[in-house]
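Read the structure below first, then the notes.
Residue numbers (the working numbering): 11 to 99.
What follows is the structure in structure tokens.
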């Protein structure tokens, strides 16, 4: 099962927001969309976003998928979660 199929089958019905550079075009747009969704109390799945991965309020969660495989990419998303005191997995 691919990333998009997994998202559509399991995460979308649960209300997660999908952030992917294909849709958001730039690294900064992906990060802003992630932060905005978390601030709005949404859960986030981060797809392929090329950065140099998510968190939530209450019981909501977010996480970068394995296309964000390098530490620098994941760290950008981990910092968003930490700054918003949100859990990341």
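Using N, Cα and C, we set each Cβ at its ideal position, and we do this for glycine too.
Own chain partners of residue i with C-beta closer than 6 Å, once the 5 adjacent residues on each side are dropped
| i | result |
| --- | --- |
| residue 34 | 40 and 43 |
| residue 47 | 27 and 54 |
| residue 22 | none |
Alpha carbon of residue i to alpha carbon of residue j, nearest angstrom
| i | j | result |
| --- | --- | --- |
| residue 25 | residue 49 | 15 Å |
| residue 55 | residue 27 | 6 Å |
| residue 81 | residue 90 | 14 Å |
| residue 93 | residue 36 | 21 Å |
| residue 32 | residue 15 | 16 Å |
| residue 86 | residue 99 | 14 Å |
| residue 17 | residue 95 | 24 Å |
Residue range of the alpha helix (DSSP H) that includes residue i
| i | result |
| --- | --- |
| residue 87 | 81–93 |
| residue 32 | 31–34 |
8 Å contact criterion, which residue i and residue j should meet: CB distance rounded
| i | j | result |
| --- | --- | --- |
| residue 30 | residue 12 | That belief does not hold up - the Cβ atoms of residue 30 and residue 12 are roughly 13 Å apart, past 8 Å. |
Start-to-end residues for the beta strand (DSSP E) that takes in residue i
| i | result |
| --- | --- |
| residue 54 | 54–56 |
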